[in-house]
Structure formats: structure tokens, C-alpha cells
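Chains A and B supply the protein sequences, listed in that same order. Quick note, the first sequence lines up with residues 1 to 282 if you use full-length UniProt numbering. Quick note, the second sequence lines up with residues 1 to 270 if you use full-length UniProt numbering. All C-beta atoms in this analysis are idealised placements derived from N, C-alpha and C, irrespective of residue type, glycine included. Comments concern the structure below.
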Amino acid sequence: MGLFDATVRTIPHQKFVGQITTFWIIAVSGFRRYATYRQATVAGTFTNTIFGFLRCYLFLAVAGGAVVGGYTPEQLATFVWVAQGLLAVVLLWGPPELADRIRTGEVVSDLLRPIDPVHSMLAADLGRAWHAVLTRCVPPVLVGMLFFDLYLPVRWHTPPLFAVSVVLAVVITFCCRFLVNCTAYWLLDVRGPISLWTLGSGVVAGLYFPLRFLPEPALLSLWLLTPLPSLFQAPLDVLVERDATPVQFGIVALQGLWAAIMLLLCRVVQRRAERRLVIQGG
Amino acid sequence: MGEFRARLGGHLHLLRAQARAQASYRMSFAIDLATNVSATVLDVATVIVLFTVTDLVGGFRLEESLVMAGLGLCAFNLADLTVGNIERIRLYVRTGLMDAVLVRPLGPLGQLLAMDLPLRKVSRFLFAAAVLAVALLRADVDWTPARVAFALVAPLAGAVFFGAIFVGTASVAFWWIESGEVGNAFTYGGRDFTSYPVTVYDGWFRRVFAYGLGFAFVAYQPALALLGRADPLGLPAWAGWAAPLVCVPAALVAGLVWRTGVRHYRSTGS
């Protein structure tokens, strides 16, 4: 054991600058890959926008002009529309590409490259997310602004803090999808885990309704025990300035903690999976 | 007649093969069944959570709103179970698998539906039916024979309507290969739209979705007829009873679009 496993060794002389360059190049390629499917982008944006209307009207009707869950109607409208915009950025539901590569054995060629697969996939995903920010996040939010009164942040630190929060959300959601896909190393057919993820993620991330509608104890345990509220609820609460400034920073700090934990978990699972793959004879 | 039986036999053969294939990964299939029912449980739970922060949504109480959600979810899930897989057509067109479908001596629509029949979705439909039943019992409906019959007809007609939406929007893939997601706005969007009173929505959005496309006639208007409530938006009482008829033109249009699409299909050549 350990002598002939598929663990990746990075090339020693490209210690740091080299790794950064590689990361950047892969991220750019991730961006360009998605820039190719223009029709799909338009279709996706259209659908997100329709759902924006559906949800915005619904939550405004629920609010009935009053404050619910600590959100004013304007804050709710911003919550809904920016959530629709972030849907393709903080991608919860992507095609199970990695799982397919594991099932077919193609993943072996990923493992032969001189860069850690977690890093290269994260880089590609960040490139994808940046493309989504430009093409799939901005248009629905603009439509929302055109048809509804949206709440705009007033604190000077909110926009940069929101940006950090979104980046952390993208990293965490990447880790979640990576881990779900990695179950393929053990299960081969990942339909079950994927549908479990599809289901749980939407609710607990704050996509179906703001989690603040739930009772306090349930909410607190979700925040502390799962990384999911960090995906949507966190950046959206930061953006609509639902809480006082220290709480805003606290939310982002918690996201940072979850990002670190999840990345570590991905590395561990990847190591074990590489051994597993060798045992299978792949 | 003999030809028809042969065709039916062909379809049944495909279905059996599918059932066996799906059940062979047992663990995964079990999780699939469980998570599928949970999807609809969550839709209903969302309605209930929203009513925890307010008493009236769009002027309707929880019990009344659940009748609408029950009707809408029954209709959607039955359609999703039987023809929902048609949305995979964008995959078949892109990969060229559609060529294989068209050269076989069976109807393309039937084949596509049998190719990956989502057996796991049965659990969803059963749950939606249970929600509708409970909601109707709790909503103080003034039961007459006509209402009992209507409570059975309305979800079925709604399913035909949603089926038409599924087939119609999936046909888009014949023209624009990579834009199949447009369909989701009307299938899943339609499901969400019908789960709440139409009074929730407003402006041109309501006019287009509720009356232009006809989604108001899937759950909202039939629910008003069952509950015996006047329509706050002003349609006469008989409109609720006549609502299921909307599925007829919808199915005709969808059939036309589908057939035009198949004729329009040109292989990707890959």
C-alpha cells in the first residue's frame, strides 16, 4: 500500500507561482467552456427570470405590505431576485460529470495530471461561476429592478462583503457537488445521492423560502451543523442588510470556516478514493 | 388491430426492460423512491411554512390554498410520471440518439416515454393525491354528486394539460438544440404557479400565465368550484366547472407542435 497508488505528486520546481498560473489558466478555460453555449445561457436566464416573477409575487403576497421574518417587502424582493441570479453562480444542481467519469474510468486521466484534481476542478468551477455572474446573474436582477421595488444596500461595506460571501458560497457549493459525485467511487450509480442532494440543498440553502421564516432553534442548528445556509441565505442576508454590521461580518466568517472545512474534506475523500480506484484495478 | 397489438407489445417490452434495469441498482432505487416523495412533501411544506408567517395569502386561508396546491401537484405529478421524460429529448437530439428512435418501427413519442420511465415518481403522485384528499376533507366542501365527480375529473384534466405543456415545450429542442431549459419555465414554473391562488400574482404576468397560457384553469378555477367560492378576479361560477375543458385545445396544440417538430428534425450528423 502506498507504493503504487494513484496519488498525485506536484512538480517540485513550480512550487507557488507555477501553481497560481496553472490555476488561473484552468479557470479561464472554465469560463470559455461555458461561453460556448450561448443558446443554453439565454434559455437558462429566461427560466430564472420567470421563476423570479413567480417567487417575488408570492413573497410579496405573503408579506402583504408588512415586515415578515425581519424583511421588509423591498428586502424580500431583493432576496428573491438576487437568489434567482445566484442560482447559476452558486450552482447547486450541475450535471454529474465527475460521477460519469468515475463510472466509465475516464477519471484516471485526471489523476495522471501534475495538479491536484480538487484544485483543477475548483479552478474550472470558479471560471464557470464568473461566466455565470456576467450572463446569468445580472439579467434577472435587472429585470427585477425594472418591475419591482428592490432594496439597495446603504452600508458602504456591504457590496465588497457580499462579493466575498458569494465567492465563499461558490467554493462551498463546489465542495458539496464534488463530494456527492465522489460517492460514485463507492456506489457507481449516483442517482440516489444526487437526488438526495438536489432535494435537501434547495430547502436548507434558503432557496424555497428565507430560512428566517423558520423557528430560531431550527435555524441555528442548520447554520452550525450544515454548510447549506452558507450557500444562499448567507450572501442574501448580507446583501439585504437584514442584520446589524457585526452579524453581517459574523455570517461571512462562518462561511469562511465552512469553506475551509469542506475543502479539507474534499482532499481527504479524494485521497481515499484514489486508493479505492487502484484496488478496483482502474 | 394486429399491428396495434404488436406495437403495444413493443412498448410494453421496453417498459419491462426499463423497470428491470432501474430496480437492479437496489440501494439507489430505494433512495430515489424516498427522495421523490420528499420533493412533493417539500412543495407542500413550503406552502405550510409560508402560512406560518401570515393567515391569508392572496385572500385565501391555508385549507383553501392546500386544495389548489393539491390539485396542481396531482396534475403535475401525474403528467410528470407519464410524459415528463419527454424533456430528455434535448439530450437525444444533441447526441443523435433520436436517429435510432426514428428508424425503429414504433411511434417516436411512445418510445421516448418508455425509454426511461421514471417509476420512482409514482411515490410523488400518490402523496399529492393524499394531500388533495386531506385538503378537501378539511376545507368544509359542500359535497354533492357533481362535486365528487369533479374532484376526480379535475386532476386528470390538469394532468392532460401539464402533459401538453411538457410535450409542447420539449419540442423546442427540434429547433434550438441547446435551449431546452426554456421548457422548465412552463413545466416546473407552471407547477409552482398552480400551487398558489392566482390572486397572488399581478399585472401582465398574471394575465399571460393564468389566462393566456391557461394555468388558472388547472387548479385555481376548479378549486373555487369545489369550495363554492366566488372568484375574487371576477370570472363567473360556471367558469370553474368548465375549466378542465382547457386541456383539450392544449393537447391539440401540443400534438401539432410535436408532429411539426419531428418532421423538422434533422440529425446532428454525429
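Beta-carbon separation (whole angstroms), residue i vs residue j, contact threshold 8 Å
| i | j | result |
| --- | --- | --- |
| residue 25 (chain B) | residue 189 (chain A) | 4 Å |
| residue 234 (chain A) | residue 171 (chain A) | Incorrect: roughly 12 Å between the Cβ atoms, too far for contact. |
| residue 39 (chain B) | residue 124 (chain B) | 6 Å |
| residue 164 (chain B) | residue 247 (chain B) | 7 Å |
| residue 60 (chain A) | residue 76 (chain A) | 7 Å |
| residue 169 (chain A) | residue 132 (chain A) | Not really, about 12 Å apart at Cβ, beyond 8 Å. |
| residue 15 (chain B) | residue 114 (chain B) | 5 Å |
| residue 29 (chain A) | residue 127 (chain A) | 7 Å |
Sequence-distant residues of its chain with Cβ nearer than 6 Å to residue i (five each side left out)
| i | result |
| --- | --- |
| residue 194 (chain B) | 72, 215, 218, 219 |
| residue 23 (chain A) | 123 |
| residue 219 (chain A) | 211 |
| residue 16 (chain A) | none |
Residue-level contact to chain A via CB, residue i, 9 Å cutoff
| i | result |
| --- | --- |
| residue 84 (chain B) | no |
| residue 165 (chain B) | no |
| residue 207 (chain B) | no |
| residue 189 (chain B) | yes |
| residue 274 (chain B) | One cannot answer for residue 274 (chain B) here, as it falls past the ends of chain B, which runs 1 to 270. |
| residue 53 (chain B) | yes |
| residue 38 (chain B) | yes |
| residue 212 (chain B) | no |
| residue 144 (chain B) | no |
| residue 58 (chain B) | yes |
| residue 92 (chain B) | no |
| residue 30 (chain B) | yes |
| residue 46 (chain B) | yes |
| residue 72 (chain B) | no |
First and last residue of the uninterrupted alpha helix (DSSP H) at residue i
| i | result |
| --- | --- |
| residue 131 (chain A) | 117-132 |
| residue 85 (chain B) | Per DSSP, residue 85 (chain B) belongs to no alpha helix (DSSP H) and is neither H nor E. |
| residue 165 (chain A) | 158-182 |
| residue 71 (chain A) | From DSSP, residue 71 (chain A) is part of no alpha helix (DSSP H); its letter is neither H nor E. |
| residue 210 (chain B) | Taken as a continuous stretch (DSSP letters only), residue 210 (chain B) belongs to no alpha helix (DSSP H), as it is neither H nor E. |
| residue 221 (chain A) | 216-225 |
| residue 34 (chain A) | 17-35 |
| residue 101 (chain A) | 97-104 |
| residue 127 (chain B) | 122-138 |
| residue 189 (chain A) | Per DSSP, residue 189 (chain A) belongs to no alpha helix (DSSP H) and is neither H nor E. |
| residue 238 (chain B) | 237-242 |
Contact with chain B by residue i, beta-carbon distance below 9 Å
| i | result |
| --- | --- |
| residue 84 (chain A) | no |
| residue 3 (chain A) | Reliability fails at residue 3 (chain A), whose pLDDT of 49 lies under 50, so the model's placement of it is uncertain and the value that follows must be treated cautiously. By this cut-off, residue 3 (chain A) is not an interface position. |
| residue 195 (chain A) | yes |
| residue 51 (chain A) | yes |
| residue 64 (chain A) | yes |
| residue 189 (chain A) | yes |
| residue 46 (chain A) | yes |
| residue 55 (chain A) | yes |
| residue 75 (chain A) | no |
| residue 198 (chain A) | yes |
| residue 234 (chain A) | no |
| residue 213 (chain A) | yes |
| residue 30 (chain A) | no |
| residue 58 (chain A) | yes |
| residue 203 (chain A) | yes |
For residue i, three-class secondary structure by DSSP
| i | result |
| --- | --- |
| residue 60 (chain B) | strand |
| residue 205 (chain A) | coil |
| residue 143 (chain B) | coil |
| residue 147 (chain A) | helix |
| residue 176 (chain B) | coil |
| residue 1 (chain A) | Note that residue 1 (chain A) has pLDDT 41, beneath the 50 cutoff, so the model's placement of it is unreliable and the number below is only indicative. The answer is coil: DSSP assigns residue 1 (chain A) none of H, G, I, E or B. |
| residue 197 (chain A) | helix |
| residue 195 (chain B) | coil |
| residue 20 (chain B) | helix |
| residue 232 (chain B) | coil |
| residue 87 (chain A) | coil |
| residue 274 (chain A) | helix |
| residue 53 (chain A) | helix |
| residue 54 (chain B) | coil |
| residue 252 (chain B) | helix |
| residue 225 (chain B) | helix |
| residue 183 (chain B) | helix |
Cβ neighbours of residue i in the same chain (closer than 8 Å, five flanking residues each side left out)
| i | result |
| --- | --- |
| residue 158 (chain A) | 238, 239, 241, 248 |
| residue 95 (chain A) | none |
| residue 99 (chain B) | 267 |
| residue 210 (chain B) | 193, 198, 201, 216, 220 |
Sequence-distant residues of the same chain with beta carbon closer than 7 Å to residue i, five excluded per side
| i | result |
| --- | --- |
| residue 23 (chain B) | 29 |
| residue 129 (chain B) | 74 |
| residue 50 (chain B) | 57 |
Any C-beta of chain D under 9 Å from that of residue i
| i | result |
| --- | --- |
| residue 255 (chain A) | The structure shown has no chain D; the protein chains it does contain are A and B. |
Heavy atom of the ligand COA within 8 Å of residue i beta-carbon
| i | result |
| --- | --- |
| residue 38 (chain B) | The ligand COA is not part of the structure shown, which contains no ligands of any sort. |
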